[in-house]
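Residue numbers (my numbering), protein chains in the order written: chain A, 1 to 341; chain B, 342 to 728. Even glycine gets a Cβ: it sits at the ideal position worked out from N, Cα and C. Here the structure comes first, spelled out in structure tokens, and everything after it is commentary.
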């Protein structure tokens, strides 16, 4: 508690204290007051920015650079080993598998999530109970990845043939005449099963952003197309989708970053076993397991960062392009996830 | 929206999708209310139907004088639970050999079990032996007659599992830890970001644009990138001043650092919406910049700031990685997500426990979401976290 009071009070004390100190050192009154004031106004913004710049420098800029430095060193971070860790990464089968899986996540999960969000947004706008549907689909957005992992592990639960299935997926499979499967331990399919959790969690986000975008499409355009005899599906595909391309790209980009950084879901559902390891969970393993190998952990992080750069650049580009066209409300909400998860 | 009436297909597809999104949660919630045996024996969708369970009860006779007979009566079901007996037996090899109401001859007596679970065991103590010594057959080593039964029990749902996880699984401590992590990790970055956002929007200085763009670009740095150097830095600092580097303060500061780019970005757009005339006249009145920030800009931008704070709270509450790395994996340091992860390992098959613990961890975010839904959605649509 005392620690918290200190942490919260320090920035405020800093702001008021430094601001007043500046006024004392460069008083706006008296001889040279005008010049003093100009100089004070040049310094003051940096007093406001200082706490943020300190945090950003210490927690993001320095670590990002230091990680690259660490990746060139051994497990303890002391001895320089050059590119040995990077050579290890590309020859190590589990590491390559993790890189491959991360690529798979980035390629598959964001596309499916965006498509699901778009489809639901469009459908929910055509029915009277669309508001209720949207509220229910958004609900998982509030749930943690670990909580979602528990929910879905239960969905995938497997009991031997002949006993009552308690997982609903296998119950449906048995009801339809199939044999129950232990989905979590079937390589390749288990990666898809894990992706389903991510899709389930984030479709609500995609849906909200895209339905705001759809609402911004002028009603006259849609009405005109319908007068021309286009079917509901044609209106959607040929009139609405092209008009909200920007929002679709923004959502896709944000989801790609989320998919690249996926960690909790894998850790909670399989702990990286049965070929489900991704870069983020691999990095966590090397960082902590058995005292930790900081060199290799940093190498994995560096690979992850390298993969994130094009995605992030794409996202910033989409963002930048969109800031030319104001007023549809979809753009910003596309960013709310950005830095986290 | 579209003028034409939607086809039936749209209704059906949307209904299926909504079911797909809600059923997993419903399933886990129902499971958290069920009895552990029932959870292992049948799917949650049968929770309301009566289920068949098998059980065994020992009936003890004791301290009888010789040549006396004794009648033991009672119910096979625990107090307060009513079921219907389908079959009974006295041997583990044939637990359902008899029907209810049928008299069962056992060594030294006779047993009748009624359909409603009441039993009546008439023991005739033979000369020279009490019930606890030497009766063969269905007398178990610990003494007593074993009655096996198959019963159809009505659905029983309750909050017993929740009581258990709070008592036995350390969930209360984890709940407290989650609060201790999430609340400061929300307030500190919001406050710090407000200063920066104010400077970026309402103060003129060279490099302002570069600063804003640079901070926004930092949103792209993956969290994983920062962990190892920070861990090393924390350890060194901890050694230098002789304290445990893994602490709540460490987590708060880490969440602050990681959350700042987005916070600055959103608060900046919120402050841009403040009319410039208000700021200009406040300056003419001689108000200091920090006063303008706290008395004018912050109150005006409050809705968006509150919306950001809500999301930041949800992220930090739901976070696993940062808490695990900077607070440590010890039992008394775990937040709810970490505790849940541990339970997945140690209680892998006990779904009723996992379900209850899972819902405890989800309760706060879901309450926040349900309580503030209108407000959160509006802040999306109105200022859309714009810019």
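- Around the Cβ of residue 708 (chain B), a 10 Å sphere holds fewer than 16 other Cβ atoms; the residue is exposed.
- For residue 427 (chain B), no chain A residue has a Cβ inside 8 Å of its Cβ, as the nearest lies near 17 Å away.
- DSSP links residue 460 (chain B) through a beta bridge to B:415, B:454.
- Assignment of alpha helix (DSSP H) within the region 59 to 93 of chain A, counting only whole runs of 4 or more residues, yields 62 to 70, 84 to 91 in chain order.
- By alpha-carbon distance to residue 202 (chain A), the top candidate from A:61, A:54, A:114 is A:114.
- Nearest neighbour of residue 305 (chain A) by Cα position, chosen from B:567, B:440, B:433, B:616, turns out to be B:567.
- The beta carbon of residue 251 (chain A) sits closer than 6 Å to those of 114, 206, 209, 334, all from its chain and outside the five residues before and after it, given in chain order.
- Contact between residue 695 (chain B) and residue 678 (chain B) is absent: CB atoms are separated by about 13 Å, not below the 8 Å threshold.
- In the three-state reduction of the DSSP assignment, residue 128 (chain A) falls in the coil class, being assigned neither a helical nor a strand state.
- Within the region 155 to 185 of chain A, contact with chain B at the beta-carbon level (separation under 7 Å) is assigned to 155, 164, 165, 166, 168, 171.
- Of the candidates B:667, B:685, B:437, B:704, B:685 places its Cα closest to the Cα of residue 510 (chain B).
- Note: residue 439 (chain B) is bridge-paired with B:429 in the DSSP secondary-structure output.
- For residue 631 (chain B), at least one C-beta of chain A is nearer than 8 Å to its own C-beta.
- Residue 97 (chain A) carries a helical assignment under DSSP once its states are collapsed to helix, strand and coil.
- Taking 9 Å as the cut-off between beta carbons, the residues of the region 564 to 595 of chain B near chain A are 564, 565, 566, 567, 568, 569, 570, 571, 572, 573, 574, 588, 589, 590, 593, 594, 595, in sequence order.
- Runs of the alpha helix (DSSP H) lying entirely within the region 587 to 615 of chain B and spanning at least 4 residues, in chain order: 589 to 613.
- Judged by pairs of C-beta atoms under 8 Å, the region 39 to 53 of chain A does not touch the region 69 to 86 of chain A, as fewer than three such pairs exist.
- Within chain B, the residues placing a beta-carbon under 7 Å from that of residue 152 (chain A) are 365, ordered along the chain.
- Against chain B, the beta carbon of residue 297 (chain A) has neighbours under 7 Å at 569, listed in chain order.
- Sorting B:348, B:503, B:556 by C-alpha distance to the C-alpha of residue 699 (chain B) places B:503 at the top.
- For a cut-off of 8 Å, the C-beta gap from residue 542 (chain B) to residue 612 (chain B) is around 4 Å, short enough to register as a contact.
- Taking 8 Å as the cut-off, the beta carbon of residue 590 (chain B) is found no closer than this to the beta carbon of residue 295 (chain A).
- For the C-beta of residue 667 (chain B), not a single chain A residue is nearer than 8 Å; the gap to the nearest is close to 11 Å.
- Under the DSSP assignment, residue 392 (chain B) falls in the beta strand (DSSP E) whose first and last residues are 392 to 400.
- Chain order gives no chain A residues near residue 614 (chain B), where near means a beta carbon separation below 8 Å; the closest approach is about 12 Å.
- For the region 536 to 551 of chain B, the beta-carbon criterion of a distance under 7 Å to any beta-carbon of chain A is satisfied by 536, 537, 539, 540, 544, 546.
- Contact annotation: in the region 377 to 393 of chain B, residues whose CB is within less than 9 Å of a CB in chain A are 380, 381, 382, 383, 384, 385, 386, 387.
- Under the three-state reduction of DSSP, residue 306 (chain A) is assigned to helix.
- In the DSSP assignment, residue 489 (chain B) falls within the unbroken beta strand (DSSP E) covering 486 to 494.
- Along the region 634 to 645 of chain B, none of the residues has a CB nearer than 7 Å to a CB of chain A.
- DSSP places residue 220 (chain A) in the helix class (H, G or I) of the three-state scheme.
- For residue 709 (chain B), the neighbours in chain A by C-beta distance under 8 Å run, in chain order, 142.
- By the rule that beta-carbons nearer than 8 Å mark a contact, residue 433 (chain B) does not touch chain A.
- Annotation: Cβ neighbours of residue 703 (chain B) in chain A (cutoff 8 Å, chain order): 142, 143, 144, 147.
- Using a Cβ-Cβ cut-off of 8 Å, residue 137 (chain A) counts as an interface residue toward chain B, since at least one Cβ of chain B sits closer than that to its own.
- Contact annotation: residue 168 (chain A) and residue 155 (chain A) have beta-carbon atoms nearer than 8 Å.
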